[in-house]
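Colleague:
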Amino acid sequence: MLHTMNRILARTVILGVAIGLGATALWAKNPIPTSTPFVEHFARLDPNLWYISDGWSNGPQQNCTWSKSALAIGKNGGLDLKYIPPGKAGDKALCAEVQTKKWFRYGTFEARMKSAPGSGLNAAFFSFTGAIHKQPHDEIDFERLTRAPNLVWLNRYVSGNDFGDGQYYHFAPASDDGYHNYAFIWAPDSLKWYVDGVLVRKETAHVPTHPMKIYFSHWGSDTLKNWMGPFKQPTAPVVMNVTRFAYTPLGQRCVFPESVTCNLP
Numbered sequence: 001m002l003h004t005m006n007r008i009l010a011r012t013v014i015l016g017v018a019i020g021l022g023a024t025a026l027w028a029k030n031p032i033p034t035s036t037p038f039v040e041h042f043a044r045l046d047p048n049l050w051y052i053s054d055g056w057s058n059g060p061q062q063n064c065t066w067s068k069s070a071l072a073i074g075k076n077g078g079l080d081l082k083y084i085p086p087g088k089a090g091d092k093a094l095c096a097e098v099q100t101k102k103w104f105r106y107g108t109f110e111a112r113m114k115s116a117p118g119s120g121l122n123a124a125f126f127s128f129t130g131a132i133h134k135q136p137h138d139e140i141d142f143e144r145l146t147r148a149p150n151l152v153w154l155n156r157y158v159s160g161n162d163f164g165d166g167q168y169y170h171f172a173p174a175s176d177d178g179y180h181n182y183a184f185i186w187a188p189d190s191l192k193w194y195v196d197g198v199l200v201r202k203e204t205a206h207v208p209t210h211p212m213k214i215y216f217s218h219w220g221s222d223t224l225k226n227w228m229g230p231f232k233q234p235t236a237p238v239v240m241n242v243t244r245f246a247y248t249p250l251g252q253r254c255v256f257p258e259s260v261t262c263n264l265p
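In structure tokens, the structure reads:
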């Protein structure tokens, strides 16, 4: 559990996210969640499926500007989300974020991704809705805090409240290729987080209820030192790579062979 100050800082991050999302103008008074399985391998970034954050930041805690130029298809495949240091004095670093245009509610959400190390950087896979969508703030988080090799932050918000129980999880080292598989199973009465097929957290109270979008982001902070570590300016772009995102509606299983749902009891 975070200490009190870290909880306040974490909430500051989320407030910044809500402010930043205002720039997207993606309003939805009554979003209709999809009921169709969805698997994305990022052979390209389809503009019909994904919205790119571009030209703003999420508040003073973020030391970079979202930019479409910080996104690319990786040389070995997948989507690269880059933290790009400033080119010269006075410039601001660039960073990357994408969100689905589809809405989702209940089911299994999975991502295969890796992120290069970097103190003060955050490589995130999460679901979100909030005031910009004319809904209460609900959220489910995997946030890779790359100040440490195998550290992820697990959290959820219901109507803007995280109940003070966000949790760190230290997981086993990655395989030779550096990738990890992250999944959460969101049901009306429970929420479960998995890392590499292992159940690492379960909640049966305070479960989000509103439809949400899926986000991937890679950003930095000079100020959230207790949570993300002291910021160390990189000398070259730092890359987060996502090779797969998948959604399996509740009650279905195994929409792709490596899905965590294939091995559930």
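Just so you know, we're using the UniProt record's numbering here: the sequence shown kicks off at 1 and counts up by one. Note that CB positions come from ideal geometry on N, CA and C, so glycine has one too. Just so you know, these numbers come straight off a predicted model, no measurement behind them.
1. Which residues mark the beginning and the end of the beta strand (DSSP E) in which W153 is found?
2. Considering only the beta carbon of each residue, do F128 and E139 sit closer than 8 Å?
3. Take L121 as the anchor and find which of L79, W50 and E143 has the nearest alpha-carbon.
4. Under three-state DSSP, which class holds I132?
5. For Y168, tell me which candidate among W227, V207 and S159 has the shortest Cα-Cα distance.
6. DSSP has W193 in a bridge; who is on the other side?
7. Using the Cβ count rule (16 or more neighbours within 10 Å means buried), how would you classify R253?
8. CB L154 to CB W193, shorter than 8 Å?
9. Looking only at C-alpha atoms, which of R105, C64 and G118 sits nearest to E97?
10. Any idea which residues DSSP pairs residue 266 with across the strands?
11. Per the contact definition of three or more C-beta pairs closer than 8 Å, is the segment 211-218 in contact with the segment 100-109?
12. Could you tell me the boundaries of the beta strand (DSSP E) in which W219 lies?
13. If you count every other CB in all the chains shown that lies within 10 Å of the CB of A25, and 16 or more means buried, which is it?
14. Using a 10 Å radius around the Cβ and a threshold of 16 neighbouring Cβ atoms, would you call A199 buried or exposed?
15. Hey, F256 and A111 are a contact pair by Cβ (cut 8 Å); roughly how many whole angstroms apart?
16. Suppose you measure from the CA of V195 to the CA of L264; what does that come to, to the nearest Å?
17. Given this structure, state the Cα-to-Cα distance separating A131 from H137, to the nearest angstrom.
18. Going by CA-CA distance only, name the one from W219, T261 and D46 that's closest to residue 266.
19. Once you ignore the five residues that flank A174 on each side, which residues in its own chain have a CB closer than 6 Å to its CB?
20. Can you give me the C-alpha to C-alpha distance between V207 and L191, rounded to a whole angstrom?
21. Tell whether a beta-carbon distance below 8 Å holds between residue 277 and Y83.
Modeller: The answer reads as follows:
1. L151 to Y157 is the extent of the beta strand (DSSP E) around W153.
2. Yes, the pair counts as a contact, with Cβ atoms nearer than the cut-off.
3. Shortest Cα-Cα distance from L121 to any of L79, W50 and E143 involves E143.
4. In this structure, DSSP gives I132 a helical state, which the three-state scheme calls helix.
5. Answer by Cα proximity: W227.
6. Per DSSP, the beta bridge partners of W193 are F184 and R201.
7. Taking every protein chain shown into account, the CB of R253 has fewer than 16 other CB atoms within 10 angstroms, so this residue is exposed.
8. Using a Cβ distance threshold of 8 Å, L154 and W193 count as a contacting pair.
9. Nearest to E97 by alpha-carbon distance, out of R105, C64 and G118, is C64.
10. This structure gives no information on residue 266, because the portion of the chain shown stretches from 1 to 265.
11. A contact between stretches requires three or more CB pairs, one per stretch, nearer than 8 Å, and the segment 100-109 meets this requirement with the segment 211-218.
12. Taken as a continuous stretch (DSSP letters only), the beta strand (DSSP E) holding W219 covers K213 to G220.
13. Confidence is the limiting factor: at A25 the pLDDT is only 40, short of 50, which leaves the residue's position unreliable, though a coordinate-based value still follows. An exposed status is given to A25, since fewer than 16 other beta-carbon atoms sit within 10 Å of its beta-carbon.
14. It should be noted that the sequence gives Leu, not Ala, for residue 199. So L199 counts as exposed.
15. Not a contact, Cβ separation roughly 12 Å.
16. Going from the Cα of V195 to the Cα of L264 covers about 14 Å.
17. Going from the Cα of A131 to the Cα of H137 covers about 7 Å.
18. It is not possible to answer for residue 266, since the shown part of the chain is limited to 1 through 265.
19. Counting only Cβ-Cβ distances below 6 Å, and skipping sequence neighbours, we find H180.
20. Cα to Cα, the separation comes out at about 6 Å.
21. Given that the chain is displayed from residue 1 to residue 265, the structure contains no residue 277 and the question cannot be resolved.
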